[in-house]
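Student: Residue numbers (this note's numbering), protein chains in the order written: chain R, 139 to 510; chain W, 2 to 325; chain E, 25 to 545.
For every residue, glycine included, the Cβ atom is placed at its ideal position computed from N, Cα and C.
In this text, all values refer to a predicted model and were calculated from it rather than measured experimentally.
My questions will all concern the structure given below.
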Amino acid sequence: MRNKRMFLFEVARGFAAILLALAVAVIFIALCTDDVGGALEQMLLRPLFAKNGTFNANSLWVVLSRMIPTIFTGLAVCVMFSANQFNLAAEGGVMLGGFLATLVGIYVPMAAGLHLVVCLLIGAVAAALTMLLPALLKVKLGASEMVSSLMLNYIIMYVVLHFLNNNFADRSKGSTQTFPFLETAAVPDLVPNTDLTWGFVIALVFVALVAVFLFRTRWGYAIRMIGINQAFSKYSGMKVGSVIVLSQVIGGFLAGLGGGIEVLGRYSTFLWRELPGYGWTGVTIAILAKNNPLMVPFAAFFMAYLERGCELMRTNAGVPAEMLDIIQAVIFLFFAAEQFLARYRQKLVVKGAREEMKQAFDSEAAAKGGNA
Amino acid sequence: MWEQLFEMIFKPDFLFSVIRITSPILFAALAAVVAEKAGVTNIGLEGIMSITALFGTLISYWTQSWAVGVLGALIVGIALALLLGFFALKLKTDIILGGIALNMIGGGGTIFLLYLFTGLRGNTGELTTPEMLIPQVNIPLLKDIPVVGEILSGHSLLTYIAFFMVFLTWLMLYKTSLGLNIRAVGENQNAADSVGVSVIKIKYIALGISGALAGLGGAYMSMYYSRSWNSGMIAGRGFIALAAQAMGQGEPTGSMWSSLLFGLANALKNKMEGMQGMSSYLVASIPYVVTVLGLVIYAVATIRRVRKTRRAQNAMTAPAGEEK
Amino acid sequence: MPQSEYVVQMKGITKVYPNGIAANQGVDFNVRRGEIHALMGENGAGKSTLMKMLFGLEQPTEGEIIVNGETVNLSSPTVAIAKGIGMVHQHFMLVPSLTVAENMVLGMAPKKKGLFIDMDKAIAITEEYSKKYNLHVDPKAKVVDIPVGMKQKVEILKALVRGAKILILDEPTAVLTTQETAELFRELIHLKEQGFTIIFISHKLNEIKQITDRLTIMRGGKSMGVYNTAEISMEEISRLMVGRDVILTVEKDKAAPTDEVLRVENLEYTNDWNKKMLDRVSFSVRKGEILGVAGVEGNGQRELVDMLFNLNVPDSGTVTVNGKSIVGLPQRKIRDAGVSLIPEDRMLYGIADRGTIEDNLISNRIYQKEYNKGLLFDMKAIHEMSDRLIEDYRVLCKSRNQQVKMLSGGNIQKVVVAREFSSGPVLIIADQPTRGIDVGATEFIRKKLVELSRAGAAVLLVSADLNEVMELSDSLIVMNGGHIAAYFEDTSALTDEEMGEYMLGLKRQSDEEIGKVLYAK
């Protein structure tokens, strides 16, 4: 029962963090525009509900489609953070995965069905391999995986841009992009004439896969235990170094996969000219989901909804969409704050402990019979 | 091609540009040094620099005075770092996550704030007036010395301040009692606590100083280097500074040298961008590759150094015949 | 005797911790001005707790403290320092990269021009005190570079420069070599001659005899009396220090040990500070026997256990389990060889605190076929095992999904024990298995240990709890100063007096007698 109470408390704390963030947002919105109510309406309601209260399906598809890459990066960060690795290279992984998947989609024709799978796999594996850099640096040399992963992001970006511009660009087009990839490599639409592709389904499948991996396999278990207590894991017989590397490689795989699915699903060519930003959203999602893969879709939905809301707020109420970053940061800060509302948690703990002790005392006294 | 490159590097104007490019990285690296010395990791430097760069420009625009602008950037930097401190020390948010949050605000939040304050979108180019820019200083006498004068004179005021800060930071850390307390708190909190030093207060102060230095770095970027503010202008310098601090072994002078190294890599990149046969993108990645290499070298060196220290310690305590 | 001659009086001190453990019970402790007074006792006797209260780190539940005739409330170290009390802890409170002088003046640095440290003054102060009290330190050297002996002197000087007239030294010779110890004693006598009062916490009899005037012996949280050092023999001290008020009786069948399982030969280890922690340690443990390792902590037991589980590597020597060497093997291979360890530090090694009970029960068997179905865990098998272990080991909890850190200490240890005992080990190493846990859990774990031993496991029991190590073990070895001081094949006739004498280094068996613990192959 205590677990449930603590769980509810954490949920309440999460809501408090979100409310605080919205309060901050309201203050900023008020500084931008006189119609605060209208702006809020855009941000909070419009993503799903039209003015007259009807459900806006088109907007729903937009929101869901936005979730596709961020579910993957959210999963990637969940895995890495579960092992306590602050690897932030999901950004680069997405871009690399998208790029390589596109190239295979353009230049290596294959039978339908197989083609897409191969494209995505190659993109994902490549991204996974690049994660060996920060991972091995950490395990073998103790070098901060955070700094090396951040640098990796920039390196990947420039390498991809180099090849994009110099070797694979379609010169006939105005903006920099590759040639279109073959039909067989495209991710088919889930809802016709929208951006919501089967990628969404694949994303959910992977949510399940990662959840199973983390909680139902020995490697996922090792990742989680090492994230909790490395000394314990080593003493218990787990190979700490290998598992740390594994966690980052898997993270890279997921990020690369997400990038591939996004490019092959939403677009017809590869046209990112800078890091798309899904990696950072993935970090927020992992924090919101508390590293639990099953909560990732909800967190991703929340972020996509907010993003759409801020977008609408910009279009219809003139408030810059970058409000999203501020909201994200505030939620982040309070969500991850252990001591936020800690007083109340303390009261819960004490109350729970008293109850437990009473229970325990009663049952032990009963067990001992007349020995007390 | 290589000859071309070689020729270019040994020209005074190249070395001049190295110093110019190093300065913001140096400010951020020193910020990282002070924070790390107190045992608080400030990875929000990227965000702080972006935000202070914006505010520096805005404040100097409103007051038409670069000096007030720089001061404003400094104060904003301190405020941001203290905010980070509040979340990390009081609310117990993981300080790494707190830094990431700061970076997020530095990303989109700055664009938002710019719009809020000026209605501009993402770029302040049109606002810039000469009064807003940090002046260049031509040092009399020095400027007339051939070669050396060309390299060292004519930099912005803040450039000289940046390098002077290396000395000031060293002075503060090693010659003042505040510095002593900072180093004690960072290395052995319990020891500091046991003699009555307020650990939390010292950590806040260290963060504040870190924010101030990062603020100067931000002001440098927007009020001299690029002469305006635009989103993304910090381009990872806040992160490179972390590597510079690590490579510099967490010391002010060491960090200066490693910052210069990254400045050099950046300057090289700039030079090579225009050259024939050089891909501007691959060249652009040079600073980041150098950073990773730097990390590797530093890590290997640290491992070796720890082994050596152990052996030396044992040699000292060997039960030899004579007493010391 | 007139009251004013006592510089410190602690009357009727009782300290009970929130978990119910009484560390001190009605202790009287008096120190005369200008004497060197030893506070002696085994680990857990309560001497550290008593001194923590004198230094303001803890507050007594009952009793009063009088310093220099004034009743005081030592609510924090700052207050204690203000009353002239200084403490030199076992783990130094020094900042490694700072110089000696900087460490000396930390928190009270002399300044010049308001902002800068007057380093010259700091060095001068250091030298002044160093000279005055004959504690040679190099003010300009960095603490990381100086030897342990000098570090200790710096700690003493730190206390002196803050005005301490009463010095508490907590096991000061634990980290020193013989030379450094001799030097320390010269310095302490010098200080005494200058009017300082020194309280010397230790369990080393020969040292106490060398420099102290009086000694107070503690045992089981109570004071066994205060004596003039010159008038009490080491045997008497040993008898008072090491003894059990209540003898634990453990029901067990007589052991019938068979083949050798663990064989340790000539284990040697010198630590990073050049202290020899293991000296020609050789012994073996047989199937069906519990071999106890007795001794005051700090005599090599920690290092020994670490070597057996590859948490540290010996300089030389062999360790084999059923003939297979396990030195330096990764923990998984050691476990595959049939070794289980109940670690002394259960929070660090024993459990993943944020994990569930089930998580903690399977950590040593995740690779085994019984618990895996192909790539996935066989959750049914795992759940069954968890529930079974929780029941068999009577772990008081809500369910197997409860976070381990929510359990009481005793139940946490039961989780550790359940995991380690249930993997069918041929060798169980139990390091302080019942430290800090409740009576019920303690009894249970001890019974289990005997059960497993009689079922054929070899058990190595390392324990500082005299009762435990004497009554639970079938045979035992006593460690002192890194070597085995004694081996007793049959513990049933062993007296507390004898134990004390071997544990405290008064007696030592011949190599031949000790050699018997290494059974013929």
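First and last residue of the beta strand (DSSP E) that includes residue 194 of chain E?
Tutor: Start at 1 with the first residue of the third sequence, and residue 194 of chain E comes out as number 170. Segment 190 to 194, the beta strand (DSSP E) holding residue 194 of chain E.
Student: Within a Cβ cutoff of 6 Å, which residues of the same chain sit near residue 3 of chain W, ignoring the five residues on either side of it in sequence?
Tutor: Sequence index remark: in the second sequence, residue 3 of chain W carries index 2 (1-based). The answer is none, since no qualifying residue turns up.
Student: What residue range is occupied by the uninterrupted beta strand (DSSP E) comprising residue 138 of chain W?
Tutor: To locate residue 138 of chain W, count along the second sequence from 1; it is residue 137. Premise fails: residue 138 of chain W is in no beta strand (DSSP E) and is neither H nor E.
Student: Examine chain E for any beta-carbon lying closer than 7 Å to the beta-carbon of residue 220 of chain R, and answer yes or no.
Tutor: As a first step, residue 220 of chain R must be located in the first sequence, where it is residue number 82. No, residue 220 of chain R lies away from the interface with chain E (no Cβ there is under 7 Å from its Cβ).
Student: Checking the sheet assignment: what are the DSSP bridge partners for residue 482 of chain E?
Tutor: Taking the third sequence and counting its residues from 1, the one referred to as residue 482 of chain E is at position 458. Answer is E:451, bridged to residue 482 of chain E.
Student: For residue 192 of chain W, which residues in chain E fall below 7 Å Cβ to Cβ?
Tutor: The sequence position of residue 192 of chain W within the second sequence is 191, counting from 1. What residue 192 of chain W touches in chain E: 117, 118, 119.
Student: Shorter than 7 Å from the beta carbon of residue 153 of chain R to some beta carbon of chain W?
Tutor: Against the first sequence, residue 153 of chain R aligns to sequence position 15. Not an interface residue.
Student: Give the straight-line distance between the Cα atoms of residue 375 of chain E and residue 435 of chain E, rounded to the nearest whole angstrom.
Tutor: Locating residue 375 of chain E in the third sequence gives position 351, counting from the first residue. Locating residue 435 of chain E in the third sequence gives position 411, counting from the first residue. C-alpha separation (whole angstroms): 12 Å.
Student: Within 7 Å of any Cβ in chain R, is that where the Cβ of residue 418 of chain E sits?
Tutor: By 1-based counting over the third sequence, the position of residue 418 of chain E is 394. So, not an interface residue.
Student: How should residue 114 of chain E be labelled, buried or exposed, when 16 other C-beta atoms within 10 angstroms of its C-beta is the threshold for buried?
Tutor: Here residue 114 of chain E refers to the residue found at position 90 of the third sequence. When all chains shown are included, residue 114 of chain E counts as exposed.
Student: Using a C-beta to C-beta distance shorter than 8 Å, which residues of chain R count as neighbours of residue 290 of chain W?
Tutor: In the second sequence, counting from the first residue as 1, residue 290 of chain W sits at position 289. Under the 8 Å cutoff, chain R gives 289, 293.
Student: Nearest chain W C-beta to residue 458 of chain R closer than 7 Å, yes or no?
Tutor: Within the first sequence, numbered from 1, the residue matching residue 458 of chain R stands at position 320. Yes, its Cβ sits closer than 7 Å to a Cβ of chain W.
Student: From residue 431 of chain R to residue 367 of chain E, what does the alpha carbon distance come to, in whole angstroms?
Tutor: Taking the first residue of the first sequence as 1, we reach residue 431 of chain R at position 293. Taking the first residue of the third sequence as 1, we reach residue 367 of chain E at position 343. Rounded to whole angstroms, residue 431 of chain R to residue 367 of chain E spans 33 Å at the Cα level.
Student: Please go through the same chain and pick out, in chain order, the residues whose beta-carbon is closer than 6 Å to the beta-carbon of residue 237 of chain R, but skip the five residues on each side of it.
Tutor: Working through the first sequence from its first residue, we reach residue 237 of chain R at position 99. Once the five neighbours on either side are set aside, the close Cβ partners of residue 237 of chain R are 298, 408.
Student: How would you write the range of the alpha helix (DSSP H) that residue 263 of chain E sits in, first residue to last?
Tutor: In the third sequence, counting from the first residue as 1, residue 263 of chain E sits at position 239. Unbroken alpha helix (DSSP H) run through residue 263 of chain E: 258 to 265.
Student: Go ahead and label residue 536 of chain E buried or exposed: buried means 16 or more other beta carbons lie within 10 angstroms of its beta carbon, across all protein chains shown.
Tutor: Within the third sequence, residue 536 of chain E is the residue found at index 512, counting from 1. Residue 536 of chain E comes out exposed.
Student: Please state whether DSSP places residue 71 of chain E in a helix, a strand or coil.
Tutor: On the third sequence, position 47 is the one that residue 71 of chain E refers to. Reduced to three states, the DSSP call for residue 71 of chain E is helix.
Student: If you follow the beta strand (DSSP E) that residue 49 of chain E is part of, which residue opens it and which one closes it?
Tutor: For the purposes of this step, residue 49 of chain E is identified with residue 25 of the third sequence, where counting begins at 1. Counting along the chain, the beta strand (DSSP E) containing residue 49 of chain E begins and ends at 46 to 56.
Student: Suppose the cutoff is 7 Å on Cβ atoms and the five residues either side in sequence are ignored; what does the same chain contact list for residue 330 of chain E look like?
Tutor: Here residue 330 of chain E refers to the residue found at position 306 of the third sequence. 336.
Student: Kindly indicate which residue of E:175, E:380, E:55, E:512 has the alpha-carbon position closest to the one of residue 189 of chain E.
Tutor: Walking along the third sequence from the start, residue 189 of chain E turns up at place 165. Minimum Cα distance to residue 189 of chain E is reached at E:55.
Student: When you compare the CB positions of residue 26 of chain W and residue 241 of chain W, do they come within less than 7 Å of one another, or not?
Tutor: Here residue 26 of chain W refers to the residue found at position 25 of the second sequence. Here residue 241 of chain W refers to the residue found at position 240 of the second sequence. Their beta carbons are under 7 Å apart, which means residue 26 of chain W touches residue 241 of chain W by this criterion.
Student: Let me check understanding here. Comparing Cα to Cα, which of W:174, W:282, W:159 lies closest to residue 135 of chain W?
Tutor: Residue numbering aside, residue 135 of chain W sits at position 134 when the second sequence is read from its first letter. Nearest C-alpha to residue 135 of chain W: W:159.
Student: May I ask you to list the residues that DSSP assigns as paired with residue 365 of chain E?
Tutor: Position 341 of the third sequence holds residue 365 of chain E. Partner(s): E:453.
Student: Under 8 Å: do the region 161 to 169 of chain E and the region 121 to 131 of chain E share three or more Cβ pairs, one atom per stretch?
Tutor: Enough Cβ pairs lie closer than 8 Å, so yes.
Student: Taking 7 Å as the CB-CB cut-off, is residue 366 of chain R touching chain E?
Tutor: The residue given as residue 366 of chain R occupies position 228 in the first sequence. Yes, residue 366 of chain R lies at the interface with chain E (some Cβ there is under 7 Å from its Cβ).
Student: Buried or exposed for residue 165 of chain R, please, with buried defined as at least 16 other CB atoms from any protein chain shown within 10 angstroms of its CB.
Tutor: Reading the first sequence from its first residue, position 27 is the one you call residue 165 of chain R. Its Cβ having fewer than 16 others within 10 Å, residue 165 of chain R is exposed.
Student: Any beta carbon from chain R within less than 7 Å of residue 100 of chain W's own beta carbon?
Tutor: Indexing the second sequence from 1 puts residue 100 of chain W at position 99. Closer than 7 Å: no.
Student: Can you list, in chain order, the residues of its chain with a C-beta nearer than 7 Å to that of residue 121 of chain E? Leave out the 5 residues immediately preceding and following it.
Tutor: In the third sequence, counting from the first residue as 1, residue 121 of chain E sits at position 97. Here the set comprises 166, 168.
Student: Can you check whether the CB of residue 212 of chain R is closer than 7 Å to the CB of residue 420 of chain R?
Tutor: Walking along the first sequence from the start, residue 420 of chain R turns up at place 282. Walking along the first sequence from the start, residue 212 of chain R turns up at place 74. In contact: residue 420 of chain R and residue 212 of chain R (Cβ atoms closer than 7 Å).
Student: Answer with buried or exposed for residue 150 of chain R, where buried requires no fewer than 16 other C-beta atoms within 10 angstroms of its C-beta.
Tutor: Numbered from 1 along the first sequence, position 12 holds the residue referred to as residue 150 of chain R. When all chains shown are included, residue 150 of chain R counts as exposed.
Student: State the DSSP-derived secondary structure class of residue 324 of chain W, mapped to helix, strand or coil.
Tutor: Indexing the second sequence from 1 puts residue 324 of chain W at position 323. Note that residue 324 of chain W scores a pLDDT of 34, beneath 50, so its modelled location is shaky and nothing firm can be said.
Student: In the structure shown, what three-state DSSP assignment does residue 435 of chain E receive?
Tutor: In the third sequence, residue 435 of chain E corresponds to position 411, counting from 1. Here residue 435 of chain E sits in helix by DSSP.
Student: May I ask you to report which of helix, strand or coil DSSP gives residue 21 of chain W?
Tutor: Numbered from its first residue, the second sequence carries residue 21 of chain W at position 20. Three-state result, residue 21 of chain W: helix.
Student: Which residues, in order along the region 184 to 214 of chain W, keep a beta-carbon less than 8 Å from a beta-carbon of chain E?
Tutor: Flagged, chain order: 184, 185, 188, 189, 191, 192, 193, 195, 196, 197, 198.
Student: Within 10 angstroms of the Cβ of residue 194 of chain E, are there 16 or more other Cβ atoms? Answer buried if so, exposed if not.
Tutor: What you label residue 194 of chain E is simply residue 170 of the third sequence in a count that begins at 1. So residue 194 of chain E ends up on the buried side.
Student: Taking the C-alpha atoms as reference points, what is the distance between residue 423 of chain E and residue 381 of chain E?
Tutor: For the purposes of this step, residue 423 of chain E is taken as the residue at position 399 of the third sequence. For the purposes of this step, residue 381 of chain E is taken as the residue at position 357 of the third sequence. Straight-line Cα distance between these residues: approximately 8 Å.
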